[in-house]
């Protein structure tokens, strides 16, 4: 369980990890292709701190850099959240 005394956070963690434990891992590149195929566009993402997206390839490179930083943090036994969020808009 997480190292916190925050009851709301603990309930949220329990629901996420115990009641609904299914997780899958995907890159932004994988998701961007699927999103495009579904007729939508990535509008913003936490990968670039929700700045305007000028070039998706730059985001893919930034994501790879973040992955390397995350792997390094884990090797050093530091917590590193390995998730990102994004907003999609239908075309």
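In the numbering used here, the protein residues as written are -6 to 84. Don't be surprised by glycine CBs; every beta carbon is placed ideally from N, CA and C.
Secondary structure within the segment 10 to 40: the beta strand (DSSP E) runs of 3 or more consecutive residues, fully enclosed, are 33 to 38 (chain order). Here residue 82 carries a strand assignment [DSSP, helix/strand/coil].
When DSSP states are grouped into helix, strand and coil, residue 63 belongs to the helix group. DSSP places residue 42 in the coil class of the three-state scheme, outside both helix and strand. Taking the C-beta atoms as reference points, residue 21 is found nearer than 8 Å to residue 79.
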